[in-house]
Amino acid sequence: MNRPGYYDEPMNNLGAERVREVSRLATKSGRAHSGEFLAEGPQAVREALRQHLENAENNRDAVVNTIYATDDCLDRYPEFEEMAAKAKGVRSRVVSPEVLAGMADTVTPQGIVAVCRIPEISLQDVVAAKPRLVAVLCRVQDPGNAGTILRAADAAGADAFILTGGSVDIYNPKAVRSTVGSLFHLPIVTNVSLEETVEAFKNAGSTVLAADGYGATNLDTLLDATAARRADLETPDAPDMPVLENPTVWLFGNEGAGLNEAELARADHRVAVPLYGVAESLNVGTAAAVCMYASARAQRTS
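Using numbering that gives the first Met the number 0, read the sequence shown as starting at 0 and increasing by one per residue.
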């Protein structure tokens, strides 16, 4: 079957070298060697292609190198033919279900994968763009948690996402899947030192807040102070209380240990999310979503 945007010759050889090359993207060494990662499933590939097309319109770097899809998937999602036809520089191939299964990381792949370029974005690039809301992960090691926080950052309108050394590789297949396409919406900086990150943002005028269950500052108090300022009322905040409306960088720590003392010491303030029930603590993904939405709300209503 001739499909617009796709090469006529289907790929059916499970033992082909290209199948092995794509499957190696499930490994960190494979990604480091090629500078590529794998996006699996219709939602992730759709977002990758959308970003690729947007970048092309604005003369920015390409996102997608190659698309592999089965006939059944293209029948279910015909928009991929139109998108592939428009995506300049993207090679698109129809493959057999067996070949796709050999490429994919999941046990039951959804019929389409995209080989994408790992973007080259520096900390300096992000700081120079003057972001108002940034999430920084410090030694977060679970792919699902990292992906959930990235997705929450995207939903809250954050401007960048940063992972310090010791954090999970956000481009591993499980992490990519857990972002549900948000990976393509934000500038991402990986493997930087917390010291360098905090110093750069503080020099640019951002406030650095650490999410800490034992923090002396309560998130509710900050939100109340924001509401009072909006209403031109006298605010109860102390002179050194952070202002959520200002450009803010949030630090989120390891799943089990949280932020250590050295990491906490680099923040301007330690902020606790109030717990009204019996639960001892919040999952780092949930806490990150609450904190970022508090900042987003304050910034948009100021």
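Beta carbons: idealized from backbone N, C-alpha and C, even for Gly.
Note that this is a predicted model, so its numbers are computed, not measured.
In terms of Cβ geometry, residue 18 and residue 12 form a close pair [threshold 9 angstroms]. Looking only at 34, 9, 23, 46, the smallest Cα-Cα distance to residue 185 is reached by 46. For the 9 angstroms CB-CB criterion, residue 69 and residue 106 do not form a contact. In the pairwise beta carbon analysis, the region 93-103 is classified as not touching the region 122-136: fewer than three pairs are separated by under 8 angstroms. For residue 156, the closest of 5, 298, 9 by C-alpha to C-alpha distance is 298. Of all alpha-carbon atoms in 264, 39, 91, the one lying nearest the alpha-carbon of residue 5 is that of 91. Annotation: residue 65 to residue 262 spans about 40 angstroms, alpha carbon to alpha carbon. Taking C-alpha positions only, residue 211 is separated from residue 179 by approximately 27 angstroms.
Counting other Cβ atoms within 10 Å of its Cβ, residue 123 stays below 16 and is therefore classed as exposed. Look at the beta carbons and you see the region 162-173 touching the region 183-197: at least three pairs across the two are nearer than 8 angstroms. Exclusion of the five residues before and after residue 50 leaves 62, 183 as the residues of its chain whose Cβ lies within less than 6 angstroms of its Cβ. In this structure, the CA atom of residue 79 is about 11 angstroms from the CA atom of residue 113. For residue 254, there is no enclosing beta strand (DSSP E), as DSSP marks it with neither H nor E.
Scanning 247, 284, 269 for the CA closest to the CA of residue 214 turns up 269. Shown here, residue 11 sits in coil according to DSSP, grouped into three states, outside any helix or strand. In the three-state reduction of the DSSP assignment, residue 271 falls in the strand class. Out of 85, 30, 96, the CA that lies nearest to the CA of residue 48 is found in 85.
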